[in-house]
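One structure is given here, and the rest of the page talks about it.
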């Protein structure tokens, strides 16, 4: 049997991880057809089917799962070895993949990313902006971004961007002539603008004051999946929205929006970049973290 090439093994591993030829092709910078041809060639070379394919899905066979299990640490070890050469040159190089939502990506682009790319011209940064929460290990990301309180317990977290405060807010037009909102329970008598999470679940509003907590599945006829749209709907008088304060800043400053229940909306610990604590940290990620920690409000390094 002729030994498979590294490109063939990496192609198979990418498809097996992503469970999609298209996603794997995008991650590898290949066309879907070229990737499919490579994997078919590998299967022929090995004389065994590695992937089960239908018109709608792709998944590893038992043999494919066994190969992937043995292959993954080898490929990671190879990445670490090549990364070590970059360290020997004194300059990080290669691909750094970070998964974040749109708002987090905007914060990173505002200061950290320009400085990082200017300082490390041999690094290619792939900043994937999407709303859904992903398994960064399974989907081959070096790091991800979430709210600090939502970082998985087995990850290392680096805070950045300062605290985040979620607030309830509505327009003066909506509030005129309606019952006042003095406690979270009063919201049950109002029209609220719901938010749907990327998982498909509706976001539950959480309030706390002096140790007392209140969680609400808000009533309302309108559900949106974007904070900017929630603020827009609130300014249009469609109901009460619950959003990060930064999204509502312009509306509050202009007087078009009113802040509700300020005593029940304490700040939280904000965003964090996180990464696995039990595997090799590439030089590209360490360099990114060093810059992130230099940013104001970005130097809180903690294990979660």
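In the numbering used here, the protein residues as written are 589 to 892. Even for Gly, the Cβ is constructed at its ideal location relative to N, Cα and C.
Bounding residues of the alpha helix (DSSP H) (the contiguous stretch that carries residue i)
{"i": "residue 595", "result": "594 to 606"}
{"i": "residue 817", "result": "815 to 823"}
{"i": "residue 872", "result": "871 to 882"}
Coil, strand or helix - residue i by DSSP
{"i": "residue 892", "result": "Unreliable positioning characterises residue 892 in this predicted model, as indicated by a pLDDT of 37, which lies under 50. The coordinate reading is nonetheless provided below. Residue 892: coil per DSSP, three-state reduction."}
{"i": "residue 836", "result": "helix"}
{"i": "residue 637", "result": "coil"}
{"i": "residue 762", "result": "helix"}
{"i": "residue 863", "result": "strand"}
{"i": "residue 631", "result": "helix"}
{"i": "residue 740", "result": "coil"}
{"i": "residue 684", "result": "strand"}
{"i": "residue 810", "result": "strand"}
{"i": "residue 772", "result": "helix"}
Beta-carbon proximity check, residue i vs residue j, cutoff 8 Å
{"i": "residue 645", "j": "residue 720", "result": "no"}
{"i": "residue 711", "j": "residue 872", "result": "yes"}
{"i": "residue 715", "j": "residue 738", "result": "no"}
{"i": "residue 667", "j": "residue 807", "result": "no"}
{"i": "residue 613", "j": "residue 619", "result": "yes"}
{"i": "residue 826", "j": "residue 781", "result": "yes"}
{"i": "residue 804", "j": "residue 772", "result": "yes"}
{"i": "residue 857", "j": "residue 828", "result": "no"}
{"i": "residue 859", "j": "residue 735", "result": "yes"}
Continuous beta strand (DSSP E) stretch holding residue i: start and end
{"i": "residue 783", "result": "781 to 783"}
{"i": "residue 703", "result": "Where residue 703 is concerned, there is no enclosing beta strand (DSSP E), although the alpha helix (DSSP H) it sits in stretches over 700 to 707."}
{"i": "residue 731", "result": "731 to 735"}
{"i": "residue 715", "result": "711 to 717"}
{"i": "residue 804", "result": "800 to 804"}
{"i": "residue 745", "result": "743 to 748"}
{"i": "residue 616", "result": "Careful: residue 616 lies outside any beta strand (DSSP E), inside the alpha helix (DSSP H) at 609 to 616."}
{"i": "residue 794", "result": "793 to 797"}
{"i": "residue 848", "result": "845 to 848"}
{"i": "residue 646", "result": "646 to 648"}
Any non-hydrogen atom of the ligand FMN closer than 7 Å to residue i Cβ
{"i": "residue 714", "result": "With respect to small molecules bound, the structure shown includes none, and the ligand FMN cannot be examined in it."}
Below-8 Å beta-carbon distance, residue i vs any chain D residue
{"i": "residue 592", "result": "The structure shown has no chain D; it contains just one protein chain."}
For residue i: DSSP bridge partner residues
{"i": "residue 679", "result": "According to DSSP, residue 679 bridges with nothing at all."}
{"i": "residue 856", "result": "752"}
### Query
Contact between the stretch 744 to 758 and the stretch 846 to 858: three or more CB pairs below 8 Å?
yes
### Any 3 or more C-beta pairs closer than 8 Å across the stretch 680 to 697 and the stretch 648 to 666
Segments in contact, no.
### Query
Do the stretch 596 to 609 and the stretch 631 to 644 meet, that is, are 3 or more Cβ pairs less than 8 Å apart?
yes
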